[in-house]
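Line by line, the protein sequences give chains A and B. Numbering of the first sequence is given in my numbering, commencing with residue 3 and proceeding in unit increments. Numbering of the second sequence is given in my numbering, commencing with residue 166 and proceeding in unit increments. What follows is a single structure, written as structure tokens, with notes after it.
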Amino acid sequence: MPRGVGKALERAITTKERGMFHKEEVRDGKSEFMNINRKEIFQYLCLHPCSYTSMICKALGLSLHTTNWHLRRLVESEYISKIAQGKNSVYYPAEMIAVSDVPILEILNNEKARAIYVAIAEKSGSFQGEICKILGLQHQAVIWYTKKLESLGLISSLEDGKYRRYYLTELLNRKKEENAMRMKLFRDWIVKRFQREMLSTTILRLTEDKIVLRIEKGGSKAVLTLHTNPFVTVLS
Amino acid sequence: MKKIKTGVFGLNPLLDGGINENSTTAVIGGSGAGKTTFAIQFIRKGLESGQEGIFVSLDENKEQIIREAVEMGWEEIMEYLKDDLLVFIDASGKDFSNFIRKELHTFVSDWKKAGARIAIDPLTPVIWSVQDNYEQRELITMLLKQTRKVGTVLCTLEEHGTEGNLSGHETIIPMYLADCVIHLRYKAMEGSNSRMLKIVKCRNSWHSEEFHPYRIISGLGLVVKQGDFGKTRKKESAQELMKELEKNAGNLPKNAFQKLKETFKELSDAELGNITYAELMRYIMEEYS
Ligand SMILES: Nc1ncnc2c1ncn2[C@@H]1O[C@H](COP(=O)(O)OP(=O)(O)OP(=O)(O)O)[C@@H](O)[C@H]1O
Ligand SMILES: [Mg+2]
């Protein structure tokens, strides 16, 4: 049996593009997203908007230096926005998130806050003491985060004798429902931006939860998978 | 027809040994159902037994799929990649449908009987790349008819819309045209028992008609629970049936009797489901009374 059917098929399918791959890379002919790390950072921010630099480093296994460099470039090119939270900043894809939603996503990106939120979701009416036990967290931490979650309207509490019980509010569900419209705008925005940059853009896949785009220019190409359901993915 | 193993643990007995060589299989499932994992298992099994593997990716880029496969615990695919025994191809729906229309024919005549395993994941963007339903059907017919000459083909289909309702034309068309259709039903919002596999059809072969729970396990991929269908064919049971048949030999035409004898030699309990031997004999005798 002759070998090599795979390579032959690859040549046959990509034949039209073949000539282009050998061209010199023109510097301004490339997109921000042709760099794999930069692309992954942007994809990560779609999945977890309003992350701190340290979270991005950890999730993608990149150094702080590299991550900062790419974040700066993406901010400069206005693909992402940066907003101060305390003494650090969080980042999110521009046009994806309303500024007023930043604190909600910021807190839910925090591992402990998220665990507490999920614990309350799983057992509505939990006491602080119960949450401490289930999650193995210090009492102080639970007090601090429940307060924070409550002040943002993500949870509510009711007094029950000596202690308080915690419940989820409808806020996150409402955000999920309102998301679809906003994501339509976000998708339109990003596709327009690519077109303005003369990138040939193909939508490979479009669902409620994500859009997969292929961009090509001057022989370089990249496939971007952008998640578009931040109020769902933030809990993952 | 020669059966080949799917590479999915637990699945082969449900397909009476595997899928037919040089056939086409469609794996349908929603997001996260395990379509890509299934496709990789299928390719990997082929590599193991010396068949070349081709993975055409219409969705994720190939780096990502390779990385996910390695994370699954399948590092050895890197070796096959080096030797070009495994090739990943990134293509858009348009690229691919142009290829099908213009070049597939020549390609197939060059590579007929290459005996490869080909995965197309997912096929959906290829269908979407043309507008008209009739054109879609023509395109997919051409694809499935031709590629199976090169090897055994598996394509995945995205399930959109309501759960378990496989009536969108982007699933209907390939479902009719494929030889074997496997549905991975996955309800992401329900707990750990939400994954179910069902074989919708399999041409030229017996297959299970039940829903089988499956799991995705790191290092193994999809593992399908067989239930009662996993048991190997019981020759003793055919013996019993044979006795019933002999008893009625006098009331059957000679050639019918011979034919049934042959059939019963190959018959398994699983095929009968809950039809008992006595019942089966009664139905047969009714036919000849
Ligand atoms: N290493 C792993 N260990 C265990 N389970 C895994 C692993 N990797 C993936 N999974 C499971 O497989 C699922 C995804 O499988 P896969 O990518 O094959 O699905 P798919 O049907 O191709 O999805 P999509 O529609 O997104 O392409 C995950 O949601 C997860 O449940
Ligand atoms: Mg997939």
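Every residue gets a Cβ at the ideal spot worked out from N, C-alpha and C, and that includes glycine. A quick note: this is a predicted structure, and the numbers were derived from the prediction, not measured.
Original post:
From the beta carbon of Arg-380(B), is the nearest beta carbon of chain A less than 8 Å away?
Top reply: Here residue 380(B) refers to the residue found at position 215 when the second sequence is read from its first residue. Chain A, which has no Cβ nearer than 8 Å to the Cβ of Arg-380(B), makes this no.
Subject >> Where the beta strand (DSSP E) containing Gly-316(B) begins and where it ends >> reply: Residue mapping note: residue 316(B) aligns to position 151 of the second sequence, counting from 1. 316-323 is the extent of the beta strand (DSSP E) around Gly-316(B).
**OP:** Drop a sphere of 10 angstroms on the beta-carbon of Leu-66(A), count the other beta-carbons inside from all chains shown, and report buried for 16 or more, exposed for fewer.
**Re:** Start at 1 with the first residue of the first sequence, and residue 66(A) comes out as number 64. With fewer than 16 other Cβ atoms within 10 Å, it is exposed.
**OP:** May I ask which residues mark the beginning and end of the alpha helix (DSSP H) holding Tyr-165(A)?
**Re:** Against the first sequence, residue 165(A) aligns to sequence position 163. Premise fails: Tyr-165(A) lies in the beta strand (DSSP E), 165-170, not in any alpha helix (DSSP H).
**OP:** Closer than 9 Å by beta-carbon distance: list the chain A residues that pair up with Ser-196(B), in chain order.
**Re:** Against the second sequence, residue 196(B) aligns to sequence position 31. Result: Thr-209, Asp-211 and Lys-212.
**OP:** Using a Cβ cut-off of 8 Å (strictly closer), state whether Lys-9(A) contacts chain B.
**Re:** Start at 1 with the first residue of the first sequence, and residue 9(A) comes out as number 7. Chain B, which has a Cβ nearer than 8 Å to the Cβ of Lys-9(A), makes this yes.
**OP:** Give the single residue among Leu-11(A), Lys-60(A), Gln-130(A) and Cys-52(A) whose Cα lies nearest to the Cα of Ile-242(A).
**Re:** Since the first residue of chain A shown is 3 and the last is 238, residue 242(A) is not available in this structure.
Original post:
What residue does the beta strand (DSSP E) around Phe-376(B) start on, and which one ends it?
Top reply: The sequence position of residue 376(B) within the second sequence is 211, counting from 1. 376-382 is the extent of the beta strand (DSSP E) around Phe-376(B).
Original post:
With 16 as the cutoff for other CB atoms within 10 Å, does Arg-13(A) come out buried or exposed?
Top reply: Within the first sequence, numbered from 1, the residue matching residue 13(A) stands at position 11. Exposed is the call here.
Subject >> Where Val-173(B) sits in the DSSP three-state scheme >> reply: For the purposes of this step, residue 173(B) is identified with residue 8 of the second sequence, where counting begins at 1. Three-state DSSP puts Val-173(B) in coil, outside helix and strand.
Original post:
Checking contacts by CB at 8 Å: is Phe-23(A) closer than that to chain B?
Top reply: Your numbering for residue 23(A) matches position 21 in the first sequence. Note that Phe-23(A) scores 30 on pLDDT, short of 50, meaning its location in the model is unreliable and no value can be drawn from it.
Subject >> Any C-beta of chain B under 8 Å from that of Gly-6(A) >> reply: Sequence index remark: in the first sequence, residue 6(A) carries index 4 (1-based). So, interface residue.
Original post:
With a cut-off of 8 Å, does the C-beta of Gly-172(B) fall near any C-beta of chain A?
Top reply: Within the second sequence, numbered from 1, the residue matching residue 172(B) stands at position 7. Judged by the 8 Å Cβ criterion, Gly-172(B) is not in contact with chain A.
Original post:
Just to check, is the beta-carbon of Thr-441(B) closer than 7 Å to a non-hydrogen atom of ligand 2?
Top reply: What you label residue 441(B) is simply residue 276 of the second sequence in a count that begins at 1. Thr-441(B): no, Cβ never under 7 Å from ligand 2.
**OP:** Sort out for me which residues DSSP pairs Pro-95(A) with in a bridge.
**Re:** The residue given as residue 95(A) occupies position 93 in the first sequence. Note: Pro-95(A) sits in a beta bridge opposite Ile-82(A).
Subject >> Beta-bridge partners of Cys-367(B), as assigned by DSSP >> reply: One-based indexing of the second sequence puts residue 367(B) at position 202. DSSP lists Cys-345(B) as partners of Cys-367(B).
**OP:** Return helix, strand or coil for His-67(A), following the three-state DSSP convention.
**Re:** Translated into the one-based positions of the first sequence, residue 67(A) becomes position 65. Helix at His-67(A).
Subject >> Distance between Asp-286(B) and Glu-335(B) (C-alpha atoms, nearest Å) >> reply: Translated into positions along the second sequence, residue 335(B) becomes position 170. Translated into positions along the second sequence, residue 286(B) becomes position 121. Each residue's alpha carbon lies about 14 Å from the other.
Original post:
In chain order, what residues of the same chain have a beta carbon less than 8 Å from the beta carbon of Ala-123(A), not counting five sequence neighbours either side?
Top reply: By 1-based counting over the first sequence, the position of residue 123(A) is 121. Excluding positions up to five away in sequence, the list reads Leu-170.
Original post:
Within the chosen definition, does the region 137-147 of chain A reach the region 85-102 of chain A through at least 3 CB pairs nearer than 8 Å?
Top reply: no
Original post:
For Arg-20(A) and chain B, any beta-carbon pair shorter than 8 Å?
Top reply: For the purposes of this step, residue 20(A) is taken as residue 18 along the first sequence, with counting starting at 1. Since pLDDT at Arg-20(A) reaches only 34, below the 50 mark, its modelled position is unreliable, and the value read off the structure follows with that caveat. No, Arg-20(A) lies away from the interface with chain B (no Cβ there is under 8 Å from its Cβ).
**OP:** Evaluate contact between the region 171-187 of chain B and the region 311-319 of chain B, counting only Cβ atoms and requiring at least three cross-stretch pairs below 8 Å.
**Re:** yes
Subject >> Alpha-carbon to alpha-carbon, Phe-422(B) and Gly-438(B) >> reply: The residue labelled residue 438(B) in the question sits at position 273 within the second sequence. The residue labelled residue 422(B) in the question sits at position 257 within the second sequence. Each residue's alpha carbon lies about 23 Å from the other.
Original post:
Which parts of the region 276-313 of chain B are runs of the beta strand (DSSP E), unbroken and 3 residues or longer, counting only runs that do not cross its ends?
Top reply: 281-286
**OP:** Could you tell me how far apart the beta carbons of Thr-55(A) and Thr-68(A) are, in whole angstroms, since I believe they sit closer than 8 Å?
**Re:** Taking the first residue of the first sequence as position 1, residue 55(A) is located at position 53. Taking the first residue of the first sequence as position 1, residue 68(A) is located at position 66. The pair is not a contact, with the Cβ atoms about 11 Å apart (cut-off 8 Å).
Original post:
Does the distance from the CB of Phe-174(B) to the CB of Val-389(B) come in under 8 Å?
Top reply: The residue you call residue 174(B) lines up with position 9 of the second sequence. The residue you call residue 389(B) lines up with position 224 of the second sequence. Cβ atoms of Phe-174(B) and Val-389(B): closer than 8 Å.
Original post:
In chain A, what lies closer than 7 Å to Trp-276(B) by C-beta?
Top reply: Taking the first residue of the second sequence as 1, we reach residue 276(B) at position 111. Near Trp-276(B) (Cβ distances below 7 Å), the residues of chain A are Val-7 and Ala-10.
**OP:** Taking all protein chains shown into account, decide if Val-235(B) is buried (16 or more other Cβ within 10 angstroms of its Cβ) or exposed.
**Re:** To locate residue 235(B), count along the second sequence from 1; it is residue 70. Exposed, because fewer than 16 other Cβ atoms sit within 10 Å of the Cβ of Val-235(B).
**OP:** Within the same chain, show all residues whose beta-carbon is closer than 8 Å to that of Ser-91(A), passing over the 5 residues directly before and after it, in chain order.
**Re:** Within the first sequence, numbered from 1, the residue matching residue 91(A) stands at position 89. Cβ within range, chain order: Tyr-54, Thr-55, Lys-84 and Ile-85.
Subject >> Own chain, CB closer than 8 Å to Lys-25(A), minus 5 neighbours either side, in chain order >> reply: The count along the first sequence starts at 1 and reaches residue 25(A) at position 23. Any answer about Lys-25(A) is weak, because its pLDDT of 28 lies below 50 and its placement is not dependable; what the coordinates show is given next. So the qualifying residues of the chain are Gly-220 and Gly-221.
**OP:** Give the C-beta separation of Ala-343(B) and Val-315(B) to the nearest angstrom, bearing in mind that I take them to be a contact with Cβ-Cβ under 8 Å.
**Re:** Mapped onto the second sequence, residue 343(B) falls at position 178. Mapped onto the second sequence, residue 315(B) falls at position 150. About 16 Å; that fails the 8 Å criterion.
Original post:
Looking only at DSSP bridge pairs, what is Met-361(B) linked to?
Top reply: Against the second sequence, residue 361(B) aligns to sequence position 196. Looking at the DSSP assignment, Met-361(B) forms a beta bridge with Arg-350(B) and Pro-378(B).
Original post:
Does the distance from the C-beta atom of Leu-223(B) to that of Phe-261(B) stay below 8 Å?
Top reply: Taking the second sequence and counting its residues from 1, one reaches residue 223(B) at position 58. Taking the second sequence and counting its residues from 1, one reaches residue 261(B) at position 96. Closer than 8 Å, so yes.
Subject >> Residue range of the unbroken beta strand (DSSP E) whose run includes His-229(A) >> reply: As a position in the first sequence, residue 229(A) is number 227, starting the count at 1. It spans 222-229 - the beta strand (DSSP E) in which His-229(A) sits, taken as one unbroken run.
Original post:
Is DSSP giving Leu-110(A) helix, strand or coil here?
Top reply: Numbered from 1 along the first sequence, position 108 holds the residue referred to as residue 110(A). Here Leu-110(A) sits in helix by DSSP.
Subject >> chain B contact residues for Phe-14(A), given Cβ-Cβ distances below 7 Å >> reply: Within the first sequence, the letter at position 12 stands for residue 14(A). It is worth fixing the name first, because residue 14(A) is Ala in this sequence and not Phe. By Cβ distance, chain B contributes Phe-264, Glu-268 and Phe-272.
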